[in-house]
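Throughout the sequence shown, residue numbering follows my numbering, covering 1459 to 1564 in sequence. All residues carry an ideal CB built from backbone N, CA and C; glycine is no exception. Below is one structure, written out as structure tokens, with a few remarks after it.
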Amino acid sequence: MRISSNYLNTLYNTSMIRQNQDSSSPANESAKTNYDEITIRSASLEDMDSKFAATLKNMLMNEIKNPASDEKLNQLKERMESGTYQVDANKIAEKILWYKGADSNE
């Protein structure tokens, strides 16, 4: 089989006409943004994830280990005495889970 340049041009032009027709319809607006993408990283995703997890763990451990300031404690004491302090059970659970998670990984 012999493939001539006319045949290739016809295939290419037919393809381009179909693409133009498809892209002009509003149903295929998302097709215009479909394209390939290459991301180049100096480290693998696993390395980046483990570094992020280690950094997050260190930040949380520092937050847990640092004592509260006297000013913050006095404000809390005043709110408790006046009856305006509301316990947030979700925040308490988060802190417990973070602390327990940090302990089990060491």
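Which whole-angstrom value describes the C-beta separation of residue i and residue j, a residue pair presumed to lie in contact below a C-beta threshold of 8 Å?
i	j	result
Y1543	L1531	Actually they do not touch by this definition, with Cβ atoms about 12 Å apart.
L1503	W1556	At roughly 23 Å, the Cβ-Cβ gap does not stay under 8 Å, so L1503 and W1556 are not in contact.
Just checking residue i against the ligand SAM - is the residue's beta carbon closer than 7 Å to any of the ligand's heavy atoms?
i	result
K1509	The model on display carries no ligand, and the ligand SAM is accordingly not part of it.
If you compare alpha carbons, which of the options is closest to residue i?
i	options	result
K1549	R1476, I1522, E1529 and R1499	I1522
N1492	R1499, S1500 and Q1477	Q1477
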